[in-house]
Amino acid sequence: MNTPLATASGTLSVAPAVAHTGTAATAQASAPVRLPVLPRPAADEFDAVIGQGAYMPLTQFGVIDATGDDAASFLHGQLTNDTQHLDAANARLAGYCSAKGRLLASFLTWRTGETIRLLVSKDVQAAVQKRLSMFVLRAKAKLVDASGELAVVGLAGDVRKALSGVFDALPDGVHVQVDGTAGSLIRVPDALGRLRYLWVGPKAAVEARLPLLDEKLKRVSPAVWDWLDIRAGEPRITQPVVEQFVPQMVNFDVLGAVNFRKGCYPGQEVVARSQYRGTIKRRTSLANVTGELETVKAGTELFHSADPGQPCGMVVNAASAPEGGVDVLVEIKLAALEGGTVHLGAAEGPVLTFLALPYGLPTEV
C-alpha cells in the first residue's frame with residue numbers, strides 16, 4: 127500500500143461528471159496524446175466479422191511490461207483487481223483509480239513468463255506509466271513501455287481454423303490465455319455472438335505469421351474492434367474521460383474488473399463504499415445515435431428531455447456502426463432511462479436509441 131495514493135476522500139458523486147482536476151490532469155499534461163479519428167469502415171469489413179472471420183492490427187493500444195520480484199505485489203496495491211494471484215492461464219480486467227476512486231486507466235492484465243503485461247489505451251499509456259512508476263519506491267519492480275517491440279492483433283468471427291495454424295492450442299473460455307512461440311493469445315468477451323481473441327507477441331514473430339491469416343481471413347480496420355468492444359459492453363478509459371468515472375459507473379464490478387476482497391489500492395475506500403452502501407445511481411448503457419465520430423465522441427455530455435439544463439451522462443466510447451450512425455457506451459443516471467428522451471451534446475441534440483447490453487446489471491436499491 128502506497129500511502130500517498132491509498133487514502134481516499136469524498137463520497138461517490140451522483141452529480142454530472144466534472145472536468146479533470148488535480149494530479150491526473152498534471153500527469154496528462156506531461157505527455158498529451160490524441161488517438162486519431164479512424165474513418166468509417168467499409169460495409170464489407172463489418173460483413174467479414176459478422177459473416178466469416180477477420181483480423182485487425184490494433185494500433186490504438188499500448189503495452190506496459192512490469193518486471194521484477196515485486197511486480198505482482200506492487201501492481202496488486204495499485205489496481206482494482208488481484209494481480210498477486212494472477213496465473214499464466216488467465217487474463218483479468220483491472221482499473222487504476224485516483225485517490226477519489228475515479229478511473230485514470232483501464233487494463234487487460236496477464237502473465238507471460240515472469241512479466242505481467244498491461245494492455246492500455248495508447249493515449250493514456252505514458253501518463254499512467256509515469257504515475258505508477260512514481261510509487262514503485264523501494265519495490266523490486268520496473269515498468270517499461272513495450273509497445274515498440276510488440277504487435278497487438280484482434281481477431282473476430284470464425285477464426286479458430288486460421289488461429290490453429292499459429293497456436294498449438296486455443297483458449298477455451300473468456301479471459302483464458304495461452305502462450306506460444308508467437309506470443310500470447312487471449313479470448314475476450316464475444317460480441318454479437320462472434321468469438322473474439324487478442325494476439326499479443328513480438329512484432330517480428332507476429333508479422334512473419336500474418337500471411338497465414340491472410341490466406342483465410344480478411345484484414346479490416348482497427349475501428350471495427352472499437353465497435354466490437356462497444357457491442358460487447360466493455361468500456362475502455364481513454365484520454366477524454368480520464369478521472370470521470372468510479373469503476374461501477376462503467377460496469378467494471380459486473381465485468382469482473384474489481385476484486386472487493388483484496389487489500390488497499392488508490393480509491394479503494396470510495397469504490398467499496400459505493401458498492402456496499404447502495405449509492406450507485408449511474409451505470410453504463412449501450413446506444414446508437416445519428417452522426418459521425420467527428421461529433422459523436424468520448425467525453426460528449428448527454429441531456430435528458432425532462433431536465434435539459436444539466437447533463438445526465440457522458441459518452442464513454444464511440445465507434446461507427448454498420449447500420450449507420452455511431453454506437454456508443456454511455457455513462458448515465460439510471461433515472462434518465464426510466465422515461466423521456468436522452469440527447470447528445472445539448473437538449474436539442476440527436477436522440478439516443480438505447481440497445482440491450484449483452485449482460486445484466488444488478489438491481490440498485
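Be aware that the sequence shown starts at 127, since it is given in our numbering, and climbs by one per residue.
C-beta atoms are modelled at their ideal positions from N, C-alpha and C, and glycine is treated no differently.
None of these values were measured; they are calculated from a predicted model.
Cα-Cα separation, residue i to residue j
{"i": "tyrosine 181", "j": "arginine 320", "result": "13 Å"}
{"i": "proline 488", "j": "alanine 432", "result": "25 Å"}
{"i": "histidine 301", "j": "leucine 201", "result": "19 Å"}
{"i": "valine 415", "j": "valine 397", "result": "31 Å"}
{"i": "phenylalanine 480", "j": "glycine 466", "result": "12 Å"}
{"i": "leucine 484", "j": "glycine 280", "result": "Sequence inspection shows proline at residue 484; the leucine mentioned does not correspond to that position. Taking the straight line from one Cα to the other gives about 20 Å."}
{"i": "threonine 241", "j": "valine 304", "result": "14 Å"}
{"i": "tyrosine 323", "j": "valine 468", "result": "34 Å"}
{"i": "phenylalanine 172", "j": "cysteine 390", "result": "43 Å"}
{"i": "methionine 375", "j": "glutamine 401", "result": "11 Å"}
{"i": "alanine 282", "j": "glycine 291", "result": "16 Å"}
{"i": "leucine 407", "j": "alanine 462", "result": "First, the residue type needs correcting, since residue 407 is lysine and not leucine in the sequence shown. When rounded, the distance between both Cα atoms is 10 Å."}
{"i": "arginine 160", "j": "phenylalanine 233", "result": "18 Å"}
{"i": "glycine 425", "j": "arginine 399", "result": "26 Å"}
{"i": "arginine 335", "j": "leucine 296", "result": "16 Å"}
{"i": "phenylalanine 293", "j": "leucine 339", "result": "12 Å"}
{"i": "leucine 276", "j": "aspartate 316", "result": "24 Å"}
{"i": "arginine 166", "j": "valine 346", "result": "11 Å"}
{"i": "alanine 482", "j": "lysine 344", "result": "28 Å"}
{"i": "leucine 354", "j": "threonine 410", "result": "16 Å"}
{"i": "leucine 470", "j": "alanine 330", "result": "43 Å"}
{"i": "tryptophan 236", "j": "threonine 421", "result": "35 Å"}
{"i": "leucine 460", "j": "histidine 430", "result": "12 Å"}
{"i": "alanine 472", "j": "proline 348", "result": "30 Å"}
{"i": "valine 350", "j": "alanine 445", "result": "8 Å"}
{"i": "valine 477", "j": "proline 448", "result": "18 Å"}
{"i": "glycine 221", "j": "leucine 318", "result": "25 Å"}
Neighbour-count burial assignment, residue i, 16 or more Cβ in a 10 Å radius
{"i": "alanine 214", "result": "exposed"}
{"i": "glycine 450", "result": "exposed"}
{"i": "glycine 239", "result": "exposed"}
{"i": "arginine 387", "result": "exposed"}
{"i": "proline 337", "result": "exposed"}
{"i": "glutamine 436", "result": "exposed"}
{"i": "lysine 226", "result": "buried"}
{"i": "leucine 263", "result": "exposed"}
{"i": "aspartate 298", "result": "exposed"}
{"i": "glutamate 341", "result": "exposed"}
{"i": "threonine 307", "result": "exposed"}
{"i": "alanine 169", "result": "exposed"}
{"i": "glutamate 395", "result": "buried"}
{"i": "histidine 211", "result": "exposed"}
{"i": "glycine 417", "result": "buried"}
Helix, strand or coil at residue i [DSSP, three-state]
{"i": "valine 372", "result": "coil"}
{"i": "alanine 282", "result": "strand"}
{"i": "isoleucine 363", "result": "coil"}
{"i": "isoleucine 356", "result": "helix"}
{"i": "proline 488", "result": "coil"}
{"i": "glycine 471", "result": "coil"}
{"i": "tyrosine 181", "result": "strand"}
{"i": "glutamine 186", "result": "coil"}
{"i": "lysine 226", "result": "coil"}
{"i": "phenylalanine 233", "result": "strand"}
{"i": "glutamine 251", "result": "helix"}
{"i": "isoleucine 312", "result": "strand"}
{"i": "phenylalanine 386", "result": "coil"}
{"i": "glutamate 333", "result": "helix"}
{"i": "leucine 102", "result": "Residue 102 lies beyond the residue range present for the chain, which begins at 127 and ends at 491; the question has no answer from this structure."}
{"i": "valine 262", "result": "coil"}
{"i": "glutamate 427", "result": "strand"}
{"i": "valine 422", "result": "coil"}
{"i": "isoleucine 406", "result": "coil"}
{"i": "aspartate 208", "result": "coil"}
{"i": "leucine 161", "result": "coil"}
{"i": "valine 380", "result": "coil"}
{"i": "glutamate 395", "result": "helix"}
Short Cβ contact (8 Å threshold) for residue i with residue j
{"i": "glutamine 178", "j": "aspartate 284", "result": "yes"}
{"i": "alanine 192", "j": "leucine 229", "result": "no"}
{"i": "phenylalanine 187", "j": "valine 270", "result": "no"}
{"i": "alanine 253", "j": "valine 189", "result": "no"}
{"i": "valine 175", "j": "leucine 419", "result": "no"}
{"i": "glutamate 457", "j": "glycine 475", "result": "no"}
{"i": "valine 368", "j": "valine 250", "result": "yes"}
{"i": "glycine 382", "j": "leucine 219", "result": "yes"}
{"i": "proline 373", "j": "threonine 206", "result": "yes"}
{"i": "valine 332", "j": "serine 310", "result": "no"}
{"i": "isoleucine 363", "j": "alanine 231", "result": "yes"}
{"i": "proline 392", "j": "glutamine 255", "result": "no"}
{"i": "asparagine 385", "j": "aspartate 208", "result": "yes"}
{"i": "leucine 412", "j": "isoleucine 356", "result": "yes"}
8 Å Cβ cutoff, residue i in contact with chain C
{"i": "valine 270", "result": "Any reference to chain C falls outside this structure, which holds one protein chain only."}
Anticipated Cβ contact below 8 Å, residue i with residue j, distance rounded
{"i": "asparagine 443", "j": "valine 452", "result": "10 Å between Cβ atoms; not a contact."}
{"i": "alanine 197", "j": "alanine 267", "result": "4 Å"}
{"i": "proline 366", "j": "lysine 423", "result": "7 Å"}
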